[in-house]
Amino acid sequence: MQNVESSNAYYLSKFNQSFGDKPNEVRDTEHYKDEYVTTFVEKWDQLIDWDRRWETEGNFFIEQLRSRGVKKVLDVATGTGFHSVRLLESGFDVVSADGSPAMLAKAFENAKARGHILRAVQADWRWLNRTIHEQFDAVICLGNSFTHLFNERDRRKALAEYYATLNHDGLLILDQRNYDSILDEGYNSKHKYYYCGETVVAEPEYIDSGLARFRYFFPDGSQYHLNMFPLRKQYLRRLLHEVGFQQLETFGDFQETFKANEPDFLIHVAEKE
Ligand code: SAM
């Protein structure tokens, strides 16, 4: 009986998200692994649509990296592998890390289907340097990933770990949803740039200053949620300075100049010197 129960529990935790009775109270850095369950991960690529994302983001990240002579990149939020594969195909030396084994497995499979063997490493950002013992010219943390950290200590710890893995003149590229606009004016994204899948509806279900709970509806009727921390732009910029990054530029939907509440996404390019 116990075996049946424990295998049921395993099945449920692998395939179903669990937010309990009070989903708006789940504000926990650890919870991301339970959110990226296998069934959601399998659908993630419908949400991001690689071809359209490729087209809309153009060469922005590649140019940022190349213009600074970057050769070796650590992708700390590999997800299903979109940027790792893109950078490999553009000639960069890439190590692909993520804390979710389900995401890494999918990334490995996606890369293999495109003829690449990913150097995949399972690592939580808060203890990145326990597993990663190399130095990099750049760290990327993209696709609104940093938002999964729910308290300031975890954010400082993760940024310090990224910083430590960078060469002396290295850079970090980290993006986020424009939560200032969502918190101050409400949500009106056409999810044009990042999550380019047309068939998936991604929208906030609940927002306050400590939680952005998003719902993702798929054409087969299934729905999933992510509970995230709504990072304000100036707050994140301050943290980046405080952990030691000297130069910091923030782009709005890949543009250098933008009105505060217009872009869907903000991209921070932070340099060590
Ligand atoms: N970068 C990918 C993209 O743009 O499609 C994936 C983005 S997905 C929103 C966020 C990723 O961050 C997930 O793969 C998740 O497992 C990872 N993640 C969240 N918190 C993490 C942590 N504390 N340590 C390591 N990875 C984490």
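Numbering (my numbering), first residue to last: 2 to 274.
Glycine residues also receive a C-beta, built at the ideal position from the N, C-alpha and C atoms.
Sub-9 Å separation of residue i and residue j beta-carbons
i, j, result
"Ala124", "Ile118", "no"
"Ala261", "Lys234", "yes"
"Val74", "Asp50", "no"
"Val96", "Arg120", "yes"
"Leu167", "Gln136", "yes"
"His169", "Glu274", "yes"
"Trp45", "Thr81", "yes"
"Tyr188", "Ala103", "no"
"Arg69", "Asp138", "yes"
"Leu237", "His149", "no"
"Leu143", "Asp76", "yes"
Integer Cβ distance of residue i from residue j, believed to fall under 8 Å
i, j, result
"Phe246", "Ala213", "Between Ala213 and Phe246 the Cβ distance is about 25 Å, and since that is not below 8 Å, they are no contact."
"Ile174", "Phe20", "That pair is no contact at about 31 Å."
"Gln177", "Phe266", "7 Å"
"Phe219", "Val201", "6 Å"
"Thr132", "Val140", "Incorrect: roughly 14 Å between the Cβ atoms, too far for contact."
Rounded separation between residue i and residue j - CA only
i, j, result
"Asn25", "Glu31", "15 Å"
"Asp155", "Arg239", "15 Å"
"Tyr180", "Glu43", "27 Å"
"Gly116", "Leu129", "27 Å"
"Gln47", "Glu153", "32 Å"
"Asp185", "Pro264", "13 Å"
"Arg127", "Ala159", "5 Å"
"Ile208", "Tyr33", "18 Å"
"Gly211", "Leu232", "9 Å"
"Leu89", "Ala98", "14 Å"
"Ser223", "Gln248", "43 Å"
"Glu257", "Ser91", "23 Å"
"Pro205", "Ile183", "9 Å"
"Phe109", "Arg157", "29 Å"
"His242", "Glu250", "11 Å"
"Glu64", "Phe259", "19 Å"
"Arg67", "Ala114", "26 Å"
"His192", "Lys23", "Unreliable positioning characterises His192 in this predicted model, as indicated by a pLDDT of 48, which lies under 50. The coordinate reading is nonetheless provided below. Near 28 Å, if we compare the C-alpha coordinates of Lys23 and His192."
8 Å Cβ shell around residue i - same chain, five flanking residues per side excluded
i, result
"Leu13", "Unreliable placement is indicated for Leu13, whose pLDDT of 44 sits below 50; the coordinate value is still reported in the next sentence. Cβ neighbours of Leu13 beyond the five flanking positions: Ser19."
"Phe255", "Glu58, Gly59, Phe61, Tyr194 and Ile268"
"Tyr164", "Leu173, Val244, Gly245, Phe246 and Lys273"
"Lys72", "Phe93, Asp94 and Asp138"
Neighbourhood of residue i by C-beta distance below 7 Å, restricted to the same chain and skipping five residues each side
i, result
"Phe151", "Arg28, Asp29, Thr30 and Phe230"
"Ser146", "Ala78"
"Tyr225", "Gln18, Phe41 and Tyr217"
"Glu6", "Because the pLDDT of Glu6 is 46, which lies under 50, any placement of that residue in the model is unreliable, and the question is left without a value."
"Leu105", "Thr79, Asp99, Ala121 and Gln123"
Own chain residues within Cβ distance below 6 Å of residue i, not counting five before or after
i, result
"Phe252", "Ile268"
"Met2", "Summary for Met2: the model assigns pLDDT 41, below 50, so the residue's position carries little reliability; its value from the coordinates is reported in the next sentence. Once the five neighbours on either side are set aside, Met2 has no close Cβ partner at all."
"Ala161", "Val244"
"Ser101", "Lys34 and Tyr37"
"Lys107", "Val42 and Thr81"
Residue i Cβ short of 8 Å to the ligand NAP heavy atom set
i, result
"Arg127", "Because the ligand NAP does not appear in the structure shown, any question about it cannot be addressed here, the ligands present being the ligand SAM."
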